[in-house]
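S.K.:
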Amino acid sequence: PNVLTVEEVLQILNAVPTDNCIGIRDRAILETLYACGLRISELINLKQRDILKEQEILIVFGKGSKERIVPIGSSALQWINLYQQKCRSSFEKIGSDSKDILFLNKFGKKFSRMGIWKIIRSYALLVGLENKVHPHIFRHSFATHLIEGGADIRIVQEMLGHSDISTTQIYTHITKEYLIEVHKTYHPRA
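For the sequence shown, my numbering begins at 5 and goes up steadily by one.
(1) Counting beta carbon pairs with one atom in the region 30 to 50 and one in the region 77 to 97, are three or more of them shorter than 8 Å?
(2) Hey, quick one: how far does the beta strand (DSSP E) through Val74 stretch, first residue to last?
(3) In whole angstroms, give me the CA-to-CA distance for Ile73 and Arg193.
(4) Per DSSP, which residues does Phe65 bridge with? Please list them.
(5) Return no unless some Cβ of chain C is closer than 8 Å to the Cβ of Asp104.
(6) What distance in whole Å lies between the Cβ atoms of Gln15 and Val131, which are believed to be in contact at a cut-off of 8 Å?
(7) Name the DSSP bridge partner or partners of Lys203?
(8) Would you mind listing the alpha helix (DSSP H) stretches within the region 157 to 184 that are 4+ residues and don't spill past its ends, in chain order?
(9) Rounded C-beta distance between Lys51 and Ile120? I'm assuming under 8 Å.
(10) I'd like to know whether the C-beta atoms of Ile61 and Glu71 end up nearer to each other than 8 Å.
(11) Once you ignore the five residues that flank Leu133 on each side, which residues in its own chain have a CB closer than 8 Å to its CB?
(12) Which residue marks the beginning of the alpha helix (DSSP H) containing Ser45, and which one marks its end?
(13) Can you grab the Cα-Cα spacing for the pair Asp168 / Ser102, in whole Å?
(14) According to DSSP, simplified to helix, strand and coil, what is Lys51?
(15) Beta carbon of Glu46, beta carbon of Gly68: below 8 Å?
Below, the structure written as structure tokens:
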């Protein structure tokens, strides 16, 4: 699958203007997608109570309503905290049925999958990466970066919520740069 480099992920994250609540919310969304490798459907259904901040984990309900635990990094947690403390209430609308949904759209409701896709595309467009992104780009990049960093594929499988390891194995493709780096590091005559 098509993936972003770590630098490209950072470009997109840093393209979000965080001087207003829409930007803070969007940054929290993008940070969470990348930090946790969530499916869009999992992100839009996250509830505030699903974040166990002290333990730095999310409780995620994936395909088939299967529950799994996913670690969340400190950067994503910081953006979620900022969004919850300063901004989430500004998205709440009277009579909204989304009181516990974590990420709210401008109508005070949970996002549609298309709504999240538009957020991803808009910031990718700002940094000239619009042709490289797709709805699962942060999920694919999350898995690839973990595996390239040496994570056990079974752990990545668990984090992604894959029931079959062969689904996770699509992320074991190796970039040319990584191949060269490993060769130089480990071959005695490189």
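Ideal Cβ positions, reconstructed from N, Cα and C, are used throughout, including at glycine. Note that the structure is predicted; figures quoted are calculated from it, not measured.
M.R.: Result, derived from the coordinates:
(1) yes
(2) Here residue 74 corresponds to residue number 70 of the sequence shown, with the count starting at 1. Looking at the DSSP string, the run of the beta strand (DSSP E) that includes Val74 is 71 to 75.
(3) By 1-based counting over the sequence shown, the position of residue 73 is 69. By 1-based counting over the sequence shown, the position of residue 193 is 189. Rounded to the nearest angstrom, the two C-alpha atoms are 43 Å apart.
(4) By one-based count along the sequence shown, residue 65 stands at place 61. The partner list for Phe65 (beta bridge, DSSP) reads Glu71.
(5) Looking at the structure shown, chain C is missing, and only one protein chain is on hand.
(6) In the sequence shown, the residue the question calls residue 131 occupies position 127. In the sequence shown, the residue the question calls residue 15 occupies position 11. Yes, Val131 and Gln15 are in contact; Cβ-Cβ is about 4 Å, under 8 Å.
(7) In the structure as shown, the chain begins at 5 and stops at 194. Residue 203 is therefore absent and cannot be evaluated.
(8) List check, alpha helix (DSSP H) in window: 157 to 164, 169 to 172.
(9) Indexing the sequence shown from 1 puts residue 51 at position 47. Indexing the sequence shown from 1 puts residue 120 at position 116. With 8 Å as the limit, Lys51 and Ile120 do not qualify as a contact, their Cβ atoms being about 16 Å apart.
(10) Mapped onto the sequence shown, residue 61 falls at position 57. Mapped onto the sequence shown, residue 71 falls at position 67. In this structure, Glu71 does not lie closer than 8 Å to Ile61 by Cβ.
(11) Position 129 of the sequence shown, counting from 1, holds the residue named residue 133. Only Leu8, Glu12, Gln15, Ile16 meet the Cβ criterion.
(12) Along the sequence shown, one-based indexing puts residue 45 at 41. Its alpha helix (DSSP H) spans residues 44 to 48.
(13) As a first step, residue 168 is located in the sequence shown; it is residue number 164 there, counting from the start. As a first step, residue 102 is located in the sequence shown; it is residue number 98 there, counting from the start. Distance between Asp168 and Ser102, taken at the CA atoms: about 33 Å.
(14) Residue numbering aside, residue 51 sits at position 47 when the sequence shown is read from its first letter. If DSSP states are grouped into helix, strand and coil, Lys51 belongs with the strands.
(15) For the purposes of this step, residue 46 is taken as residue 42 along the sequence shown, with counting starting at 1. For the purposes of this step, residue 68 is taken as residue 64 along the sequence shown, with counting starting at 1. No, they are not a contact pair.
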